[in-house]
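Take 1218 as the starting number for the sequence shown in the numbering used here and just add one per residue.
Glycine included, every Cβ here is placed at the ideal spot set by N, Cα and C.
Keep in mind the model is a prediction, meaning the values are calculated, not measured.
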Amino acid sequence: YVRVLVDRGEERALKFLAEVASRDLKDEEATRALKLLEMERHAQLMFTSCAWFFDEISGIETVQVLRFAARAIQLAEKNFHVHLEQAFLALLEKAPSHHPQITYGKALWLREVRPAGTDLERVLAHFAINLIFRKDPVPLVGHSYSVASLDASIQETGHAHFAMGAAEVVSLVTLERTRAIYAVVHFGGLDVQFFWMPHEACADYEVLKGELGDAFRNGSLGDLYQRLLEVFQAPTHQLEDLFRDEQRKI
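Have a look at this one:
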């Protein structure tokens, strides 16, 4: 498996699975196998010894291994449909910190660990929100994911912006993928709301794009936002959910 780690990509991962699996795997079986391998890898990484040499849980080494633990928990919960995080937080409540704003490990988790977690939805949000703030043809989403833009439309009026499009997001680690439709409304300043839905949930994408585009150009932002709530339900991400480096640049 280390050969897969040093050269991430679908071809290498599938070649590895073909060598070790007892039969040919369907796409969803291959993704599940890779998720289980990643779960085990992070369950080992969380025991990295340098994190436990010190008497302060909020040090950068301990925060990093807690992030490894968070990834192991995330994958276990998705694969086995169990709930592990709350029990783990109960343990962290017993781990004191000398930091006055943290006091215990649970607060550290909520402040520094959980916000660092990611999934396909957050990667899509990062991509879509960046379309408004950056002029790059394709916003970067890190080394573990790829985003293929299927369509994108960006409109501007005054200080407000509206972006809508479709994209496919792929994890280069687990080969998990999703096609989705997204919408981003920027009210000005740092007030940004991101919406999304599975591509198959939209009956007619072009009609919806035209309707929402007209609402942005000709109506109020309040009317547009209300229509977005009707179509997409609730917004799921904001500017603070961008990856840290992009947050700083914006």
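key: residue 1327 classed as buried or exposed, judged by whether at least 16 other C-beta atoms fall within 10 angstroms   = Under this definition residue 1327 is an exposed residue.
Requested in this report: Check residue 1297 in the structure and name its three-state DSSP category.
Outcome: DSSP places residue 1297 in helix when its eight states are reduced to three.
So, with DSSP's three-state summary, where would you put residue 1464?
Helix, per DSSP.
Measure from the alpha carbon of residue 1388 to the alpha carbon of each residue in 1375, 1360, 1401, 1261, then state which is nearest. Looking from the CA of residue 1388, the closest CA among 1375, 1360, 1401, 1261 belongs to 1360.
For this session: Answer yes if the region 1404-1423 comes into contact with the region 1448-1459, meaning at least three C-beta pairs across the two stretches below 8 Å, and no otherwise.
Result: Taking 8 Å as the limit for Cβ pairs, the verdict is that the region 1404-1423 does touch the region 1448-1459.
Practice problem: Have a look at the DSSP bridge pairing and note the partners of residue 1229. | Solution: Partner(s): none; residue 1229 has no beta bridge.
- Message: Please report the straight-line C-alpha distance between residue 1445 and residue 1366, rounded to a whole angstrom.
- Response: About 21 Å.
message: I believe residue 1262 touches residue 1250 by the beta-carbon criterion, under 8 Å. Please report the beta-carbon distance rounded to the nearest angstrom.
response: Cβ atoms of residue 1262 and residue 1250 stay farther apart than 8 Å, at about 19 Å.
*Nearest residue (CA-CA) to residue 1244, options 1344, 1395, 1441*: The shortest CA-to-CA distance from residue 1244 to any of 1344, 1395, 1441 is the one to 1395.
Q) Excluding the five sequence neighbours on either side, which residues of its own chain have a C-beta within less than 7 Å of the C-beta of residue 1362, listed in chain order? A) Hits under 7 Å: 1340, 1386, 1387, 1388, 1389.
- request: Count the other C-beta atoms from every protein chain shown that fall within 10 angstroms of the C-beta of residue 1435, then say buried if there are 16 or more, exposed otherwise.
  value: By the beta-carbon neighbour count (other beta carbons within 10 angstroms, threshold 16), residue 1435 is exposed.
Practice task
Return the CA-CA distance between residue 1399 and residue 1383, expressed in angstroms with no decimal places.
Solution key: CA-to-CA, the gap between residue 1399 and residue 1383 works out to about 6 Å.
Original post:
With burial defined as no fewer than 16 other Cβ atoms inside 10 Å of the residue's Cβ, what is the status of residue 1255: buried or exposed?
Top reply: With 16 or more other Cβ atoms within 10 Å, it is buried.
- prompt: In three-state terms, what does DSSP make of residue 1245?
  reply: Helix.
ask   = Where in the region 1336-1379 do unbroken runs of the alpha helix (DSSP H), each at least 4 residues long, occur, reported from the N-terminal end onward?
value = For the alpha helix (DSSP H) assignment, the uninterrupted runs of no fewer than 4 residues enclosed by the region 1336-1379 are, from N- to C-terminal side, 1337-1350.
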